[in-house]
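Take a look at the structure below.
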Amino acid sequence: MSQRKWILLWVSLCILSISIIGIFIFQLKGTNDRLEIIQGEQLDSYEVIEDIMYYNIERANAIRGLLAYDDRHFLEMYYSMSRQAKTLKQSVVADPNTPSSVLDLLERDAIWETEADRVLDIYEDGDLTKATAVAETMTEQRQTILEDLRSLKQMQYKDIHQELLAAENQISFLIQILFTITFLLIAIIAILSFLLFRIKPQHETIE
Numbered sequence: 000m001s002q003r004k005w006i007l008l009w010v011s012l013c014i015l016s017i018s019i020i021g022i023f024i025f026q027l028k029g030t031n032d033r034l035e036i037i038q039g040e041q042l043d044s045y046e047v048i049e050d051i052m053y054y055n056i057e058r059a060n061a062i063r064g065l066l067a068y069d070d071r072h073f074l075e076m077y078y079s080m081s082r083q084a085k086t087l088k089q090s091v092v093a094d095p096n097t098p099s100s101v102l103d104l105l106e107r108d109a110i111w112e113t114e115a116d117r118v119l120d121i122y123e124d125g126d127l128t129k130a131t132a133v134a135e136t137m138t139e140q141r142q143t144i145l146e147d148l149r150s151l152k153q154m155q156y157k158d159i160h161q162e163l164l165a166a167e168n169q170i171s172f173l174i175q176i177l178f179t180i181t182f183l184l185i186a187i188i189a190i191l192s193f194l195l196f197r198i199k200p201q202h203e204t205i206e
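Residues in the sequence shown are numbered from 0 upward in steps of one, following numbering that gives the first Met the number 0.
Listed below in C-alpha cells is the structure:
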C-alpha cells in the first residue's frame, strides 16, 4: 500500500474517531440532562405531595384541638397553615409540569377545605356541639384524601426511583463504551501512525 493511501486511511480513521466520540458525548449529555430533569422537576413534584400531606394533617389537628379544648390558639394555627397551603397550591396549579393526578387531589382537597371553613364558621357562631358534629363527618373524607396522597406519593417515588436508576445505568454504560471505543481508536491510530512513519523512510531509501 502506498504512502498516500496510508495517509488517507489515517485521516479517515481520525475523522471517524472524532465523529463516533462526538456521537457518544452527545448521547451522554442528553442522558445527563434527562437525569437533571428527573432530579429537578419530578422530585419537586414529589416534595409538593409531602407538603400537601403535612398541611392537611396539621390543619386537621388544629381543628381537632380547637374543638376539643376550645382554644383559639388552634384557630390561629389553622389559618396560618391554610395561608401557606394556599400559596403552595397556587404555585402547583400554575406549574404546567404538575401531574394531573396531583391537580385532581387538589380539587378534592379544596372540597375538604370548604367543609373545614364551614366548621369554623359554626364555631365562631358559638355552637361548639354542632361544629364538632360537622367535623366528625369530615374525618372519613380527610382520611381518604390522605390515603390517596400517600398512594400517589409511593407511586411517584417508585417511578422516580426507576427512572433515576435507568438514567444512571445508561450514563454508566455510555461512559464505559466511550472509554472503550476511545482507547481502541487511539490504539489503532497509534499503530497506523507508526506504520506510516516506517513506510516513509523505507520509501525514501528505495528512491
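The C-beta atom is built at its ideal place from N, Cα and C for all residues, glycine as well.
**OP:** Spatial neighbours of residue 61 within its chain, please: CB distance less than 8 Å, with the 5 preceding and 5 following residues excluded, ordered by chain position.
**Re:** Taking the sequence shown and counting its residues from 1, the one referred to as residue 61 is at position 62. Closer than 8 Å at Cβ, skipping near neighbours: 73, 74, 76, 77, 80.
**OP:** Identify whether residue 125 lies in helix, strand or coil by the three-state DSSP scheme.
**Re:** On the sequence shown, residue 125 is found 126 positions in, with the first residue counted as 1. In the structure shown, residue 125 sits in coil (DSSP, three-state: anything other than H, G, I, E or B).
**OP:** State the Cα-Cα distance for the pair residue 154 and residue 71, rounded to the nearest angstrom.
**Re:** For the purposes of this step, residue 154 is identified with residue 155 of the sequence shown, where counting begins at 1. For the purposes of this step, residue 71 is identified with residue 72 of the sequence shown, where counting begins at 1. Taking the straight line from one Cα to the other gives about 38 Å.
**OP:** Identify, in the order they occur along the chain, each residue of the same chain with its Cβ nearer than 8 Å to the Cβ of residue 140, setting aside the five sequence neighbours on each side.
**Re:** The residue you call residue 140 lines up with position 141 of the sequence shown. Same-chain partners within the cutoff: 110, 111, 114.
**OP:** Just confirm the distance between the C-beta atoms of residue 20 and residue 170, as a whole number of angstroms; I'd bet it's less than 8 Å.
**Re:** Indexing the sequence shown from 1 puts residue 20 at position 21. Indexing the sequence shown from 1 puts residue 170 at position 171. Residue 20 to residue 170, Cβ: 16 Å. No contact.
**OP:** Specify the secondary structure class of residue 96 as computed by DSSP and reduced to three states.
**Re:** Locating residue 96 in the sequence shown gives position 97, counting from the first residue. It is coil, neither helix nor strand.
Subject >> Where residue 204 falls: helix, strand or coil (DSSP) >> reply: Along the sequence shown, one-based indexing puts residue 204 at 205. Caution applies to residue 204, whose pLDDT of 44 falls short of 50 and renders its modelled position unreliable; the value that the coordinates give is listed next. Helix.
Subject >> Local Cβ density within 10 Å of residue 116, reported as buried at 16 or more and exposed below that >> reply: Within the sequence shown, numbered from 1, the residue matching residue 116 stands at position 117. Exposed is the call here.
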